[in-house]
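Protein chains: 2
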Amino acid sequence: MARPVEFDRTLARDRALLLFWRRGYQAASLADLVAAMEISRSSFYAAFGDKRALFLECLDLFAERTLNFLNTTLETHSPLDGLKRFFEMGLGRMGDGESHWGCLLVNTSLEMASVDDALSQRASAHLARVQAAFEASLLTTGCPAQKAADLSAVLMLLLEGLRVSSRRALPPEMQRNQIHTAFRIVDAAL
Amino acid sequence: MARPVEFDRTLARDRALLLFWRRGYQAASLADLVAAMEISRSSFYAAFGDKRALFLECLDLFAERTLNFLNTTLETHSPLDGLKRFFEMGLGRMGDGESHWGCLLVNTSLEMASVDDALSQRASAHLARVQAAFEASLLTTGCPAQKAADLSAVLMLLLEGLRVSSRRALPPEMQRNQIHTAFRIVDAAL
DNA sequence: GCGATTCCGGAACGATCGGTTCAGAACTAT
DNA sequence: ATAGTTCTGAACCGATCGTTCCGGAATCGC
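Protein sequences appear in the order of chains Z and P.
When we follow the working numbering, the leftmost residue of the first sequence carries the number 1, and every step to the right adds one.
When we follow the working numbering, the leftmost residue of the second sequence carries the number 1, and every step to the right adds one.
Right, dumping it as structure tokens:
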């Protein structure tokens, strides 16, 4: 036998996710990726197949983490409060880390539309799962089914808009104000 | 003298705009561009400088047309009705032309963030002009200044979300329903 | 030690990228 | 017709793209 110690695949994949999140799929070159992941090109292809397969893996991982965070916050708070906290996810100070990279699902759905529709549709499908979680949460409040469906669709609009604001690097206090106003009028409509 | 008939620069530029709108900046290669514009590479560089300069021209043109459409519809309708028509802009049947390419300003702001910040910020600045037009329109309704500022920010969230929906190619009737619900609750908040 | 096996740095692949150059076709004015 | 000017197709440029391959280093069981 021989040399069992592989590099940390999980760590490398997480680093790749951050780069894809920040730069998008197309602008993240192989050179960028292997540098960020701190592995060699050979290990890259051995462990992840190719760039597209790795991206798909990161995309799904991002979606699972997002849904996981959403569901746990919804479990530990009232529906509307939990939703608000989810909207406020990743609102740090400006200029630091992931806080102004938007949402990988939204980014990918837009970037890859009419370029790689399979990727775009997959990201879009994950977003639909998020919206379904919104709807399920609203239903627990005794909200009528029709209203829950309509409101969750509007909540998705607001979330997408907010992730655009994030990637536009609008000041966090401005985004906080957007969230506050948005939930004020949504609350009134409930 | 000699050969005055240049190709139609305006037509070529409009064709380029459509390609950029559909595919984004990075995915629109020079080969794609000159094919869509039906001009030669030489004419391309003579008339437009380079790819980035042409894109900048298209981006600004798109912004002017968007703001122009917004302002004219706001002049010929009541503020809220005008806004609603603006939101419904480009909602044709599915699969035909520009209707599911989203908004070039939103697309660009997301795609080029952390890749070409000058392009991203320029698109973002144009979006800010659109939001300013929202706010000015709300102010004509006698809406208090603070409320006009807050509401226009939320309207921008909704618009961005809707343009994401468009590029995600969600069914037009679903988008129509999103607009309807959104304006119902915004109306209630006014 | 040793052979066997696995890992990985780096060179090199062909394709495509955005951009340039140039010879000759196309056209007007005289 | 001809001279003068502009346009354009095609070849070409260096750089970079994603991907493959190989030789040597590393680590195992024995």
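Just so it is clear, CB atoms sit at the ideal spot from N, CA and C, and this is done for glycine as well.
Expressed to the nearest angstrom, what Euclidean distance is found between the alpha-carbon atoms of P:L104 and P:E173?
When rounded, the distance between both Cα atoms is 22 Å.
Residues of chain Z with CB under 7 Å from P:R23, in chain order?
Annotation: Cβ neighbours of P:R23 in chain Z (cutoff 7 Å, chain order): S114, V115.
Please list the terminal residues of the continuous alpha helix (DSSP H) segment that includes P:C103.
First-last for P:C103: undefined, no H or E at that position.
Quick check on the burial criterion: 16 or more other C-beta atoms within 10 angstroms. Buried or exposed for P:F7?
exposed
In angstroms, rounded to a whole number, what distance separates the CA positions of Z:A123 and Z:R13?
18 Å
Determine the closest residue to P:D187 out of P:K84, P:M37, P:Q146, with distance taken between C-alpha atoms.
Nearest of P:K84, P:M37, P:Q146 to P:D187, Cα basis: P:K84.
Taking only runs of the alpha helix (DSSP H) that begin and end inside the region 24-76 of chain P, which ones reach a length of at least 4 residues, in chain order?
30-37, 41-48, 51-76
Does the region 51-59 of chain Z come close enough to the region 105-125 of chain Z that 3 or more CB-CB pairs lie under 8 Å?
yes
Rounded to the nearest angstrom, what separates Z:R15 and Z:F44 at their Cα positions?
12 Å
Under 8 Å, Cβ to Cβ, is there at least one residue of chain Z near P:V130?
no
P:A169 beta carbon less than 8 Å from that of P:H100:
yes
Using only alpha-carbon positions, find the residue among Z:Q175, Z:F183, Z:G49, Z:A63 that is nearest to Z:S152.
Among Z:Q175, Z:F183, Z:G49, Z:A63, the Cα nearest to that of Z:S152 belongs to Z:F183.
Taking the C-alpha atoms as reference points, what is the distance between P:Y25 and Z:S78?
Roughly 43 Å between the two C-alpha positions.
Looking only at its own chain, which residues have a Cβ that is under 6 Å from the Cβ of P:D96, when we skip the five neighbours before and after it?
none
In terms of residue numbering, what span does the alpha helix (DSSP H) encompassing Z:M89 cover?
Where Z:M89 is concerned, there is no enclosing alpha helix (DSSP H), given that its DSSP letter is neither H nor E.
Would you mind telling me which residues of chain Z sit closer than 8 Å to P:E98, beta carbon to beta carbon, in chain order?
Here the premise fails: no neighbours, minimum Cβ distance about 11 Å.
Would you grab the beta carbon distance between Z:L110 and P:N107 for me? Rounded to a whole angstrom, and I think it's under 8 Å.
6 Å
What's the call for P:A28, buried or exposed, on a 16-neighbour Cβ count within 10 Å?
Of the other Cβ atoms in all chains shown, 16 or more fall within 10 Å of the Cβ of P:A28; this residue is therefore buried.
Please report the Cβ distance between Z:Q175 and Z:L91, rounded to the nearest whole angstrom; I am assuming they are in contact, meaning their Cβ atoms lie under 8 Å.
Indeed, because the Cβ distance is near 6 Å, the residues count as touching under 8 Å.
Just to confirm, are P:L139 and P:A145 a CB contact at a threshold of 8 Å?
yes
Neighbour list for Z:Q178 in chain P, Cβ cutoff strictly below 7 Å:
A153, V154, L157
Nearest to P:V130 (by Cα), restricted to the options P:L61, P:R23, P:T66
P:T66
Per-residue contacts from Z:L56 into chain P (C-beta, under 8 Å)
Per Cβ cutoff of 8 Å: no residues; Z:L56 is ~18 Å from chain P at best.
Can you tell me the Cα-Cα spacing of P:I179 and Z:A35, whole angstroms?
Rounded to whole angstroms, P:I179 to Z:A35 spans 44 Å at the Cα level.
Any chain P beta carbon closer than 8 Å to Z:D32
no
Given Z:F86, which residues of its chain have a CB within under 6 Å of its CB, disregarding the five upstream and five downstream residues?
So the qualifying residues of the chain are L70, T73.
Can the beta-carbon of Z:V115 be found closer than 8 Å to that of P:R23?
yes
Endpoints, the alpha helix (DSSP H) within which P:G161 is located
Here the alpha helix (DSSP H) through P:G161 covers 145-167.
Compare the C-beta of P:L61 against all C-beta atoms of chain Z and say whether one is closer than 8 Å.
no
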